[in-house]
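Chains as they are written, first to last, in numbering that gives the first Met the number 0: chain L, 0 to 197; chain G, 0 to 97; chain A, 0 to 219; chain R, 0 to 226. First the structure, in the form of structure tokens, and then the observations on it.
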Amino acid sequence: MEAINLARKFGRTSIFRDINFSVAAGESLCVTGPNGSGKSTLLRILAGLLSPTTGKVTHTLDRTIPKDAWLDHTGYTGPLVNPYDELTALEHIRFAGRRAMERATADSFLTRFDLARHRDKKVRYYSSGMKQRLKIILAFLNDPPVLILDEPSTNLDARGKDILHTYIDSIRSGKIIIIATNDPAEERLCGGGIQLGQ
Amino acid sequence: MRIIKTIIVAMSICLIPMMMSTGLHFFMARAQTGAVVSSGENLKITVTPVRKDEGAVPSAVLYRVLGVVLIIWAGLAAYLFIIDRRVARIEKEIHLTE
Amino acid sequence: MVSEIIRNLAKDLRVEFRSRFAINISLAFAVIATLALSLATGGIPFPPRVQSVLLWLIIFFSAMNGLSHIFVREDDRGTSLFLLVSTTSDAIYLSKLIYNLIFMSVLLAVITPLFVFFLQVNILGIPPFIISVLTGGLSITAVTTILAAMVAKSGGKGPLFTIISFPLLLPVLWLSIFSTAATLESTGPHGYGTQLFLLAFSGFITALSFLLFRFVWLDE
Amino acid sequence: MKLKHIILRSVYIIMPAAIVMAFLWAPPAEILGEASRIMYFHVPLAWVSVLAFVVSGVLSITHLADRNRRFTGLDEWAYHSASTGMVFTILTVITGSIWAKISWGVYWNWDPRETSIVIILLIYIAYLSLRSALAHTENRGRIGSAYLILAMITLPFFIFLVPRIYDSLHPDPIINFDRTIYLDGRMRVTLGVAILAFTLLYSYIVNILNRIAILNNTVEDTFHEDH
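Here it is as structure tokens:
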């Protein structure tokens with residue numbers, strides 16, 4: 000994945016400009032910076048949810064992928080990705096799974112993130128930490144080659160963070176992982192980093 | 000994805016003559032049954048000029064209406080002219096500063 | 000693509016079935032309007048032309064109450080980003096269109112019999128009547144689905160949906176009123192010109208909306 | 000001064016000429032008499048309404064089709080065209096109903112032509128309220144453009160079909176069974192000049208609005224760069 004001269008404006012306000020980097024498979028990248036420096040915006044541009052005002056992002060798997068198809072090979076989660084209140088965890092997994100999901104796979108994800116007991120509970124009754132775990136499961140679900148995680152450890156307790164970090168470590172090989180964070184523990188997970196807001 | 004889109008565009012283009020033909024068919028059917036609302040038969044406008052009194056003096060009302068229309072136009076024209084000049088001036092200033 | 004549409008549709012049906020309030024409000028509106036009309040007339044039947052106008056007015060306003068909900072809900076609950084991450088915009092449009100068609104058929108299935116029952120409508124040609132009601136409903140749904148997405152993007156501001164739908168629906172409603180009145184009035188052989196036209200029109204508008212949807216739903 | 004501006008500013012000469020011609024030079028019509036002179040305002044106004052509608056639709060299509068953003072501000076241009084068009088549409092409706100009162104005896108009778116101009120008016124109202132509801136969102140231009148395209152593509156079916164389904168009181172320029180307007184030579188020239196004058200007026204107003212929008216944008220841009 001490569002980004003050239005990215006800049007983004009909202010209306011007339013410039014958020015950031017001149018961002019250049021490239022990430023290869025197996026590498027990871029941390030985006031850090033104070034609040035309001037455009038971390039989330041940058042991540043949404045990389046996921047193809049927004050377009051940059053100027054500049055260009057290219058995704059290359061075995062060939063260059065058109066922008067419409069980015070989301071097919073990207074797992075994205077962030078503070079604005081909210082699950083449906085009326086559905087249970089299992090129903091979410093069934094909805095977000097691109098391929099027909101085997102029951103065992105879904106169960107292994109739920110067990111790993113300590114949600115197995117709540118799999119048939121509606122998300123309406125979840126605590127914010129449980130919701131965050133579900134959101135992380137949904138991002139990892141399709142085993143995408145690119146993972147874009149916006150503040151993944153928000154609302155997680157120490158145990159939750161621990162599970163997340165070990166899981167990220169275990170799937171690291173062959174994937175591109177981009178994390179926006181302000182947590183020093185998480186910055187250590189990444190190979191490289193971009194600092195925004197200077 | 001491209002293919003699906005092309006098919007859809009082609010389909011919608013095919014629909015246009017179909018819509019036109021069904022519409023016209025509908026019209027023809029109505030015209031044949033004679034169920035036409037023809038309240039306007041004897042009211043239709045015939046805009047043919049009066050040839051006889053071509054040299055006749057137009058009435059005073061006509062001049063009055065003409066005057067009113069010209070005044071309205073003068074007001075609008077003045078307004079537009081002022082705005083145009085102001086915009087042109089600012090355009091010049093901005094080009095000077097750049 | 001097809002599997003995405005099915006996944007999305009199953010999810011929408013499940014979510015909507017669990018909350019149910021959109022369809023309840025639309026149906027309650029339709030029932031109240033029909034009963035109020037019937038009560039006001041005191042059992043004297045209207046002429047067919049007026050009956051047809053009233054029927055389409057009730058259908059139009061009930062539809063306006065409910066058809067935008069499927070998009071507005073996604074934006075209200077903040078789930079639209081999750082939806083976008085999980086499926087493509089084309090699948091979103093098609094699944095929402097199918098959902099709205101189901102919604103509209105439920106609405107028509109309740110409104111029409113109720114209306115016929117309470118306002119003493121004497122239908123002379125039953126199959127053409129049913130077909131003209133169905134094609135009218137189809138056109139209304141086809142036109143308003145993309146408009147519902149626009150309204151959702153503007154924050155679901157109350158009467159905006161009715162305002163922007165009305166000019167585009169006026170001709171459809173006009174033709175539907177006309178053809179429905181014809182089926183109420185005459186026993187003679189019915190041409191299906193208007194119904195065919197509306198069918199082709201909804202196909203055309205659906206194709207156009209499908210092409211335009213990505214510009215409405217995706218952020219720039 | 001550029002040629003474009005010279006052409007646009009010629010409206011200051013052509014418009015009064017058209018007004019004077021309409022009142023003094025063109026002969027009055029047979030039945031309607033002097034009142035027929037309203038034709039030289041009503042017909043050009045109606046023409047400009049439709050023109051503005053089509054122009055804003057075409058600009059919207061270009062705005063959406065232009066993926067690499069080679070042109071900027073097309074959606075604003077479409078918006079200006081639509082809002083100017085709306086004023087002209089209202090004037091068309093007013094002059095039309097005066098004419099209708101004089102020749103048919105009623106201000107309004109839902110003639111198909113009247114219906115279609117009212118639908119155009121409603122579309123403009125809907126478009127403008129949609130745009131104001133979308134204020135401060137990034138997608139404003141694109142959603143507004145999508146609405147105008149939908150409106151522009153659906154309307155012709157009804158404009159061309161409905162007058163054929165119902166009989167029109169208006170002289171029909173498309174199929175003339177027996178209701179063509181027979182115009183005198185001088186009337187024809189006056190009408191042509193009037194149409195030219197009103198088209199120029201419309202283009203001139205849209206041009207000024209565009210220039211103001213461009214100025215606004217550059218001023219705000221430089222302001223944000225400074226701070």
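We treat Cβ as the ideally placed atom computed from N, Cα and C, and that holds for glycine. It should be emphasised that the depicted structure is a prediction, and the values quoted were computed from it without experimental measurement.
Should residue i be labelled buried (16 or more other beta-carbon atoms within 10 Å of its own) or exposed?
{"i": "Q31 (chain G)", "result": "A caution first: Q31 (chain G) carries a pLDDT of 41, below 50, which makes its placement in the model too unreliable to give a value."}
{"i": "Q119 (chain A)", "result": "exposed"}
{"i": "W98 (chain R)", "result": "buried"}
{"i": "L75 (chain G)", "result": "exposed"}
{"i": "F212 (chain A)", "result": "buried"}
{"i": "N121 (chain A)", "result": "exposed"}
{"i": "W109 (chain R)", "result": "exposed"}
{"i": "T179 (chain R)", "result": "Since pLDDT at T179 (chain R) reaches only 46, below the 50 mark, its modelled position is unreliable, and the value read off the structure follows with that caveat. Its Cβ having fewer than 16 others within 10 Å, T179 (chain R) is exposed."}
{"i": "K91 (chain G)", "result": "exposed"}
{"i": "R43 (chain L)", "result": "buried"}
{"i": "M151 (chain R)", "result": "buried"}
{"i": "K3 (chain R)", "result": "exposed"}
{"i": "H62 (chain R)", "result": "buried"}
Where residue i and residue j are concerned, what is the direct C-alpha to C-alpha distance, given to the nearest angstrom?
{"i": "I5 (chain R)", "j": "T161 (chain A)", "result": "44 Å"}
{"i": "I14 (chain L)", "j": "F20 (chain L)", "result": "17 Å"}
{"i": "D75 (chain A)", "j": "S67 (chain A)", "result": "12 Å"}
{"i": "A46 (chain L)", "j": "G72 (chain R)", "result": "27 Å"}
{"i": "F26 (chain G)", "j": "Y146 (chain R)", "result": "At F26 (chain G), the pLDDT of 47 sits below 50, so the modelled position is not reliable; the number obtained from the coordinates is stated separately. Rounded to whole angstroms, F26 (chain G) to Y146 (chain R) spans 29 Å at the Cα level."}
{"i": "T111 (chain A)", "j": "I129 (chain A)", "result": "9 Å"}
{"i": "R66 (chain R)", "j": "F214 (chain A)", "result": "11 Å"}
{"i": "R112 (chain R)", "j": "M38 (chain R)", "result": "15 Å"}
{"i": "V47 (chain R)", "j": "H41 (chain R)", "result": "10 Å"}
{"i": "S128 (chain R)", "j": "L168 (chain A)", "result": "17 Å"}
{"i": "P155 (chain R)", "j": "I18 (chain L)", "result": "48 Å"}
{"i": "P166 (chain A)", "j": "V142 (chain A)", "result": "11 Å"}
{"i": "I57 (chain A)", "j": "A32 (chain A)", "result": "7 Å"}
{"i": "R202 (chain L)", "j": "L28 (chain L)", "result": "Outside the displayed span of chain L (0 to 197) sits residue 202 (chain L), for which this structure offers no information."}
{"i": "I173 (chain R)", "j": "A9 (chain A)", "result": "At I173 (chain R) the pLDDT is 36, less than 50, meaning the model places this residue with poor confidence and gives no usable figure here."}
{"i": "L188 (chain L)", "j": "L60 (chain L)", "result": "23 Å"}
{"i": "E137 (chain R)", "j": "T53 (chain L)", "result": "15 Å"}
{"i": "V92 (chain R)", "j": "G56 (chain R)", "result": "21 Å"}
Taking the continuous beta strand (DSSP E) assigned at residue i, which residues delimit it?
{"i": "V86 (chain R)", "result": "From DSSP, V86 (chain R) is part of no beta strand (DSSP E) but of the alpha helix (DSSP H) over L73 to W103."}
{"i": "I193 (chain L)", "result": "G191 to Q194"}
{"i": "I175 (chain L)", "result": "I175 to A179"}
{"i": "Y75 (chain L)", "result": "T73 to T76"}
{"i": "S27 (chain L)", "result": "S27 to T31"}
How would you write the range of the alpha helix (DSSP H) that residue i sits in, first residue to last?
{"i": "D149 (chain L)", "result": "Segment V145 to D149 is the beta strand (DSSP E) holding D149 (chain L); no alpha helix (DSSP H) there."}
{"i": "G202 (chain A)", "result": "G192 to W216"}
{"i": "K55 (chain L)", "result": "First-last for K55 (chain L): T53 to T57, but that is the beta strand (DSSP E), not the alpha helix (DSSP H)."}
{"i": "R120 (chain A)", "result": "Note on residue identity: the sequence assigns Val, not Arg, to residue 120 (chain A). Run containing V120 (chain A): none; DSSP gives neither H nor E here."}
{"i": "P126 (chain A)", "result": "I125 to K152"}
{"i": "H41 (chain R)", "result": "M38 to A64"}
{"i": "G159 (chain L)", "result": "A157 to I170"}
{"i": "Y11 (chain R)", "result": "V10 to V19"}
{"i": "L38 (chain A)", "result": "F20 to T40"}
{"i": "G65 (chain A)", "result": "P47 to G65"}
{"i": "E186 (chain L)", "result": "P183 to E186"}
{"i": "K134 (chain L)", "result": "S127 to F139"}
Strictly below 8 Å CB to CB, what residues from chain G border residue i?
{"i": "E33 (chain R)", "result": "P57, S58, V60 and L61"}
Which residues in chain L sit within 7 Å of residue i, going by Cβ to Cβ distance?
{"i": "R233 (chain A)", "result": "The question about residue 233 (chain A) has no answer, for chain A in this structure spans 0 to 219."}
{"i": "R17 (chain A)", "result": "E85"}
What in chain L is Cβ-close to residue i, meaning under 8 Å?
{"i": "L83 (chain A)", "result": "L48 and L70"}
{"i": "V14 (chain A)", "result": "Y83, E85 and L86"}
Can you pull the chain A residues whose beta carbon is under 8 Å from the beta carbon of residue i, in chain order?
{"i": "R141 (chain R)", "result": "F214, V215 and E219"}
{"i": "F94 (chain L)", "result": "R6, N7, A9, K10 and S85"}
For a contact meaning CB atoms closer than 7 Å, what does residue i contact in chain A?
{"i": "E90 (chain L)", "result": "R13"}
{"i": "I12 (chain R)", "result": "Going along chain A, no residue has its Cβ under 7 Å from I12 (chain R), so there is no contact; the nearest lies around 38 Å."}
{"i": "E137 (chain R)", "result": "D218 and E219"}
{"i": "I122 (chain R)", "result": "P166"}
Listing by chain order, which chain R residues have their CB less than 7 Å from the CB of residue i?
{"i": "I82 (chain G)", "result": "I207"}
Taking residue i as the query, report the chain L residues whose CB atoms sit under 9 Å from its CB, ordered along the chain.
{"i": "T78 (chain A)", "result": "V80, N81, P82, Y83 and D84"}
Chain A partners of residue i, CB-CB under 9 Å?
{"i": "L149 (chain R)", "result": "V142, I145, L146, L167, I204, L207, S208 and L211"}
So with CB distances below 9 Å, who are the chain G contacts of residue i?
{"i": "T153 (chain R)", "result": "The premise fails here: T153 (chain R) is roughly 11 Å from chain G at the closest Cβ pair, so nothing lies under 9 Å."}
Cβ closer than 8 Å: which chain R residues qualify as neighbours of residue i?
{"i": "I89 (chain G)", "result": "L214"}
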